[in-house]
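Everything below concerns the one structure shown next.
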Amino acid sequence: MAAIREEADVSPSGAAAIEDIATRHLVQPWPTSGSIGAEARGLIQSGEGIYVTDHTGRRLIDGPAGMWCVNVGHRRPELAQVLYDQAMDLSYNSPWYTTNAPSAVLAERLAGHAPEGMNHVFYTTGGSSAVETALRFMQFYNNVRGRPEKKLIVSREGAYHGSTYLSASLNGRPRDHDWMDSASQLVLKLSSPNPFRRPSGVSVEAFCDGLVEEFRTLIATTGAERIGAFVAEPIQASGGVIVPPGDYLKRMRALCTEHDILYISDEVVTAFGRLGQVFASDDVFGIKPDMITFAKGVTSGYFPLGGVMIASRLFSDLRQSNHSDAMFAHGLTYSSHPIGCAVALKNLDILEDGLLEQARTISGHFQSRLKALEALPLVGEVRGLGLMACIECVADRVSNNPLTLDLEVGKRIDKHCQEMGLLVRPLINMCVMSPPLTISENQIDEMADILDRSIRLTQDELV
Ligand code: PLP
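Set out below in structure tokens:
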């Protein structure tokens, strides 16, 4: 371990060399064609608790917990130990012919947290492959049940569901499709349930009614016999932490039940403590989906793992079909990976051992400290739930008009924050925060103070 560290010299001078290698050899995620294959990104050397340290030794609060994932914080010795121990016991087995203990024990633990009647899990390597698996399962389910035309997928504007072809086809954020192909013939889009962007003069209740009506109309005009699934994040995360109004999710669930449309709840972000529960669909929003996709926080980012929880009734339906030899021809080499599942078990121990409760307790302080930033003229709205929040900046507070893209307000705020010791996730004219659940009140105060100063500096620059 030490030898590897010595070889990789990440002192300031060594860092320059590594950045140079990265620039010449790495294709970074989400590049633009102007810099693809030639882009250096800041070098992070280590992490501890809620902090990461860059190559200059500067410590930064990890405001987005990596990518919404480092839920139990960085540098957990017990997780490192499990990684090592499991690799020494059994680093891999083929899920094609065999099974392993960590994946089975984890499945039982997850079923204990999932909504009633959801007893099975299919493991994947991350969130995109989890969504892809859920969609392919829906297709298989309807083929076997003799309904091959019931395949359309309903998604929403503002959604993010992944970067594989089918999962990405559901995405609904600006720029997701500008230069990319997708299976658009399979996807129907509804409006984002974003109360902040509701038409002026419309109450939140009426807005919610309109969203449900939009779905009802879509089903009526398309035909329920052609719609296989509705896919929704309980809170649209990368779309800007959109918390849906009132009983929107329950009413969408009810429409799905009425029309035999599978409800896929994409909990890649919201599961594993971000909203204070292991799964939020039922425990926070009171809905029982047919499938729940998860990833990220399941291992707190210590190992790539994802999965789909699947309601047992779907298996009964399949077993009762006339096609007992129909194969769900879908599996990944790293499905049920023993190391990932062992890490997830230990991660779950940590969450259950007080951290979920701590997240529930501290989230009030987190939300109220950030909400106070609405006093700043540049801020149109601060919204969120649990330990996820978004600051949306606007051109003016009366119209709430969005700022023009070229101002890159999110990036400006992030730059000032970094200078003061905080990483945030910039999203066009928004900044998103989802810190490790281990964050303390004082650290939240520090975050909020840095954000306050950074937004003021950005405001001054725009005048
Ligand atoms: N679903 C949601 C809600 C996400 O936020 C993400 C990633 O951010 C994904 C799916 C895709 O997950 P991954 O990047 O692990 O493939």
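UniProt numbering puts the first residue of the sequence shown at 1, with every later residue one more than the last.
No residue lacks a Cβ here, since even glycine has one placed at the ideal position from N, Cα and C.
Fair warning: this is a prediction, and the values are worked out from it, not measured in the lab.
Kindly indicate which residue of the options has the alpha-carbon position closest to the one of residue i.
{"i": "Lys-150", "options": "Arg-397, Gly-34, Leu-262, Tyr-160", "result": "Leu-262"}
{"i": "Gly-368", "options": "Glu-352, Leu-26, Met-388, Leu-355", "result": "The residue you asked about is not Gly; residue 368 is Ser in the sequence shown. Closest option to Ser-368, Cα to Cα, is Met-388."}
{"i": "Ser-316", "options": "His-120, Arg-41, Ala-65", "result": "His-120"}
{"i": "Arg-59", "options": "Leu-422, Ala-448, Asp-452", "result": "Leu-422"}
{"i": "Arg-75", "options": "Leu-373, Gly-47, Gly-63", "result": "Gly-47"}
{"i": "Glu-408", "options": "Ser-399, Ala-395, Asn-400, Met-420", "result": "Ala-395"}
{"i": "Arg-313", "options": "Ser-434, Tyr-141, Asn-401, Asp-62", "result": "Tyr-141"}
{"i": "Met-327", "options": "Val-144, Pro-304, Ala-16, Ala-80", "result": "Val-144"}
{"i": "Leu-318", "options": "Gln-139, Gly-37, Thr-23", "result": "Gln-139"}
{"i": "Met-118", "options": "Ser-440, Glu-19, Lys-288, Met-433", "result": "Lys-288"}
{"i": "Gln-320", "options": "Ala-40, Val-212, Gly-146", "result": "Gly-146"}
{"i": "Glu-374", "options": "Gly-364, Gly-386, Arg-397, Arg-360", "result": "Arg-397"}
{"i": "Pro-193", "options": "Val-212, Tyr-97, Thr-53, Ile-350", "result": "Val-212"}
{"i": "Ile-310", "options": "Leu-348, Pro-115, Asn-347", "result": "Pro-115"}
{"i": "Pro-29", "options": "Pro-436, Glu-205, Met-67, Gly-49", "result": "Met-67"}
{"i": "Leu-106", "options": "His-259, Arg-425, Lys-346", "result": "Lys-346"}
{"i": "His-365", "options": "Gly-331, Asn-400, Ala-448", "result": "Ala-448"}
{"i": "Arg-251", "options": "Gln-236, Thr-333, Phe-285", "result": "Phe-285"}
{"i": "residue 467", "options": "His-259, Ser-184, Glu-157, Ala-183", "result": "As displayed, the chain neither begins before 1 nor continues past 463, which places residue 467 out of reach and without an answer."}
{"i": "Ala-186", "options": "Leu-385, Asp-176, Val-154", "result": "The displayed chain sequence assigns Leu, not Ala, to residue 186. The residue with the shortest Cα to Cα distance from Leu-186 is Val-154."}
{"i": "Gly-162", "options": "Trp-96, Phe-122, Gly-210, Gln-236", "result": "Gln-236"}
{"i": "Arg-175", "options": "Met-433, Glu-19, Thr-32", "result": "Thr-32"}
{"i": "Gly-49", "options": "Pro-436, Glu-461, Ile-450", "result": "Pro-436"}
{"i": "Gly-223", "options": "Ala-22, Pro-244, Leu-188", "result": "Leu-188"}
{"i": "Arg-173", "options": "Pro-195, Ile-242, Leu-249, Val-202", "result": "Ile-242"}
{"i": "Ile-413", "options": "Ile-219, Tyr-84, Val-204, Met-433", "result": "Met-433"}
Go to residue i, then tell me how far its beta strand (DSSP E) extends in each direction, as first and last residue.
{"i": "Val-187", "result": "187 to 190"}
{"i": "residue 465", "result": "Nothing can be reported for residue 465: it is not among the residues displayed for the chain, which extend from 1 to 463."}
{"i": "Gln-45", "result": "44 to 48"}
{"i": "Asp-176", "result": "Looking at the DSSP string, Asp-176 is not in any beta strand (DSSP E), and its letter there is neither H nor E."}
{"i": "Gly-384", "result": "379 to 385"}
{"i": "Phe-315", "result": "Element bounds for Phe-315: not the beta strand (DSSP E) but the alpha helix (DSSP H), 312 to 319."}
{"i": "Glu-392", "result": "388 to 393"}
{"i": "Val-154", "result": "152 to 156"}
{"i": "Ala-183", "result": "Element bounds for Ala-183: n/a, residue is neither H nor E."}
{"i": "Ile-455", "result": "Careful: Ile-455 lies outside any beta strand (DSSP E), inside the alpha helix (DSSP H) at 441 to 462."}
{"i": "Val-231", "result": "227 to 232"}
If residue i and residue j are in contact, beta carbons under 8 Å, what's the gap, nearest whole angstrom?
{"i": "Val-298", "j": "Ala-344", "result": "5 Å"}
{"i": "Leu-43", "j": "His-25", "result": "No, Leu-43 and His-25 are not in contact; Cβ-Cβ is about 14 Å, not under 8 Å."}
{"i": "Phe-215", "j": "Leu-255", "result": "6 Å"}
{"i": "Arg-198", "j": "Asn-71", "result": "That belief does not hold up - the Cβ atoms of Arg-198 and Asn-71 are roughly 31 Å apart, past 8 Å."}
{"i": "Gly-239", "j": "Thr-124", "result": "Incorrect: roughly 22 Å between the Cβ atoms, too far for contact."}
{"i": "Ser-363", "j": "Gly-276", "result": "6 Å"}
{"i": "Tyr-92", "j": "Pro-338", "result": "7 Å"}
{"i": "Pro-64", "j": "Arg-383", "result": "At roughly 16 Å, the Cβ-Cβ gap does not stay under 8 Å, so Pro-64 and Arg-383 are not in contact."}
Which one or two residues does DSSP pair with residue i in a beta bridge?
{"i": "Met-420", "result": "For Met-420, which the question treats as bridged, DSSP gives no partner whatsoever."}
{"i": "Ala-16", "result": "BP columns for Ala-16 are empty, so no partner."}
{"i": "Asp-266", "result": "Thr-293"}
{"i": "Phe-196", "result": "DSSP output for Phe-196 lists no bridge partner at all."}
{"i": "Met-309", "result": "Val-121, Ile-292"}
{"i": "His-74", "result": "Gly-49"}
{"i": "Leu-427", "result": "Met-430"}
{"i": "Pro-436", "result": "Paired residue(s): none; Pro-436 is not in a bridge."}
{"i": "Asp-54", "result": "Ile-44"}
{"i": "Pro-402", "result": "Val-394"}
{"i": "Ile-242", "result": "Gln-236"}
Taking residue i as part of the alpha helix (DSSP H), name the residues at either end of that continuous run.
{"i": "residue 482", "result": "Any question about residue 482 goes unanswered here, given that the chain covers just 1 to 463."}
{"i": "Tyr-84", "result": "77 to 89"}
{"i": "Thr-257", "result": "248 to 258"}
{"i": "Ile-61", "result": "From DSSP, Ile-61 is part of no alpha helix (DSSP H) but of the beta strand (DSSP E) over 59 to 62."}
{"i": "Ile-219", "result": "204 to 222"}
{"i": "Ser-368", "result": "356 to 371"}
{"i": "Leu-166", "result": "165 to 169"}
{"i": "Phe-140", "result": "127 to 144"}
{"i": "Val-105", "result": "101 to 113"}
{"i": "Asp-283", "result": "280 to 283"}
I'd like to know if residue i contacts chain C, where contact means its C-beta is closer than 7 Å to some C-beta of that chain.
{"i": "Glu-441", "result": "The structure shown contains no chain C; it is built from a single protein chain."}
Less than 6 Å between the CB of residue i and some heavy atom of the ligand ZN, yes or no?
{"i": "Glu-213", "result": "Annotation note on the ligand ZN: not contained in the displayed structure, which lists the ligand PLP as its ligands."}
So does the region 444 to 461 actually touch the region 370 to 380, counting three or more Cβ pairs closer than 8 Å? Yes, since at least three Cβ pairs between the region 444 to 461 and the region 370 to 380 fall closer than 8 Å, the two stretches touch.
Determine contact between the region 262 to 274 and the region 94 to 106, defined as no fewer than three beta-carbon pairs at a distance below 8 Å. Between the region 262 to 274 and the region 94 to 106 there are fewer than three inter-stretch CB-CB distances shorter than 8 Å, so the stretches are not counted as touching.
For the 8 Å Cβ check, are there 3 or more pairs between the region 341 to 355 and the region 161 to 171? By the Cβ criterion, the region 341 to 355 is not in contact with the region 161 to 171, since fewer than three pairs of Cβ atoms, one from each stretch, lie closer than 8 Å.
Would you call the region 429 to 446 in contact with the region 401 to 415, where contact means no fewer than 3 C-beta pairs closer than 8 Å? Because the criterion of three Cβ pairs below 8 Å is met, the region 429 to 446 and the region 401 to 415 touch.
With three or more C-beta pairs closer than 8 Å as the rule, is the region 279 to 298 touching the region 104 to 119? In short, these stretches touch, since the Cβ pair count reaches three.
Flag this pair as touching only if the region 224 to 242 and the region 130 to 140 have three or more C-beta atom pairs under 8 Å; answer yes or no. The region 224 to 242 is in contact with the region 130 to 140.
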